[in-house]
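Please read the structure below before turning to the comments.
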Amino acid sequence: MPPPPCRGGLEELPQSPANVSADVFRSRSLISSARPAGATDRCGQSLRKHARQPSPIGIALPARSKPLAAALMMPYARFLRGCETTGYDIELLQRRFGAGFEQVAHRLTTLQRVGARGLPFFMIRIDRAGQASKRYPGASGAALVEADGRCPLWRLHHAFDRPGSLMVQLVELEDGARWLTMARTVTPQGSRFGAVHAEFAIGLGVAAAQAGVLAAASGFDLAGRAMPIGLGCRACFRNDCPQRSVAPAGRALLINERERRTSALTFAGD
Numbered sequence: 019m020p021p022p023p024c025r026g027g028l029e030e031l032p033q034s035p036a037n038v039s040a041d042v043f044r045s046r047s048l049i050s051s052a053r054p055a056g057a058t059d060r061c062g063q064s065l066r067k068h069a070r071q072p073s074p075i076g077i078a079l080p081a082r083s084k085p086l087a088a089a090l091m092m093p094y095a096r097f098l099r100g101c102e103t104t105g106y107d108i109e110l111l112q113r114r115f116g117a118g119f120e121q122v123a124h125r126l127t128t129l130q131r132v133g134a135r136g137l138p139f140f141m142i143r144i145d146r147a148g149q150a151s152k153r154y155p156g157a158s159g160a161a162l163v164e165a166d167g168r169c170p171l172w173r174l175h176h177a178f179d180r181p182g183s184l185m186v187q188l189v190e191l192e193d194g195a196r197w198l199t200m201a202r203t204v205t206p207q208g209s210r211f212g213a214v215h216a217e218f219a220i221g222l223g224v225a226a227a228q229a230g231v232l233a234a235a236s237g238f239d240l241a242g243r244a245m246p247i248g249l250g251c252r253a254c255f256r257n258d259c260p261q262r263s264v265a266p267a268g269r270a271l272l273i274n275e276r277e278r279r280t281s282a283l284t285f286a287g288d
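Under this note's numbering, think of the first position of the sequence shown as 19, with each following residue one higher.
See below:
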């Protein structure tokens, strides 16, 4: 059924989520050659109004298309074989499958097919302010992904100081969970000359008990000393942390002018 005509000879698209996205309106010229004066302006205002309304489908489709694209570029069986034969070497996997670091990292979180499981990786993407824009826990169960805050002692935040370099770190949370983590910066392509270029840090990790097969684990004593980190100061109860900025939630700060401690901030319950 053809779309109903708009007053003035302009065909008006149905107001379904699929048709009100800005891309649709930009890609179709629906103005007829015969129209009374002023009709174009009125209908143009209507189109612009709808174009500004976010389309649920328009927003969801790009997000859903990326895993599909990754599956086509990195077929499950081939990718898993590549992981196992290279020790999950991300740089080699990038070259073998023609994918970027972030694409490979995301694909690593999906290797949980019954009968053909890979390691249970998690992935998180943050900006310089520490704000997370992507969280993929995979089958890891890692609290690091879901936490509202992050610890400045985690090298994920240090990746911005060494753009493009892979930073590997063994960390331990307060509950004793140990993770081998990798961090690297990525810069999305497509920005025009002179524009602000976005920069993110990708954090990737797997339980230390399962990380022995990783190429990135070479030289690490996975049962040895790890960096003690938390889930952000408000959720962390570690004593004498030199990096602490606020007391844990529900705890009061203690001020003692006669004591000098590693941390400038101490709290009730120490």
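Using N, Cα and C, we set each Cβ at its ideal position, and we do this for glycine too. Bear in mind that the values here come from a model prediction, so they are computed numbers and not experimental data.
To the nearest angstrom, report how far apart residue i and residue j are at their CA atoms.
i: alanine 286; j: alanine 270; result: 5 Å
i: alanine 253; j: glutamate 190; result: 15 Å
i: arginine 46; j: threonine 103; result: Note on arginine 46: pLDDT 37, under 50, position unreliable in the model; the coordinate value appears next. C-alpha separation (whole angstroms): 50 Å.
i: aspartate 258; j: proline 266; result: 13 Å
i: histidine 124; j: phenylalanine 255; result: 31 Å
i: threonine 284; j: aspartate 145; result: 29 Å
Can you check whether the CB of residue j is closer than 8 Å to the CB of residue i?
i: leucine 86; j: glycine 136; result: no
i: methionine 141; j: alanine 117; result: no
i: glycine 221; j: leucine 174; result: yes
i: leucine 171; j: glutamine 112; result: no
i: glycine 182; j: arginine 202; result: yes
i: arginine 180; j: glycine 148; result: no
i: alanine 233; j: glycine 105; result: yes
Hey, residue i and residue j are a contact pair by Cβ (cut 8 Å); roughly how many whole angstroms apart?
i: phenylalanine 178; j: glutamate 217; result: 7 Å
i: leucine 198; j: leucine 184; result: With a Cβ gap of about 12 Å, leucine 198 and leucine 184 do not count as contacting.
i: glycine 250; j: alanine 165; result: 6 Å
i: glycine 100; j: threonine 127; result: Rounded, the Cβ-Cβ distance is 16 Å, inconsistent with contact.
i: serine 158; j: phenylalanine 139; result: 6 Å
So if DSSP puts residue i in a beta bridge, which residue, or which two residues, is it bridged to?
i: tryptophan 197; result: Val189, Ala225
i: alanine 150; result: Ile144
i: valine 204; result: Phe218
Quick check on residue i: buried or exposed, where buried means 16 or more other Cβ atoms within 10 Å of its Cβ?
i: valine 122; result: buried
i: valine 231; result: exposed
i: proline 32; result: With a pLDDT of only 38 at proline 32, under the threshold of 50, the placement of this residue in the model should not be trusted; the figure read from the coordinates follows. Exposed is the call here.
i: leucine 90; result: exposed
i: alanine 235; result: buried
i: threonine 8; result: Outside the shown range of the chain, which is 19 to 288, sits residue 8, and nothing can be said about it.
i: glycine 56; result: With a pLDDT of 48 at glycine 56, under the threshold of 50, the modelled position of that residue is not reliable, and the figure given next carries that caveat. Answer is exposed; the Cβ neighbour count stays below 16.
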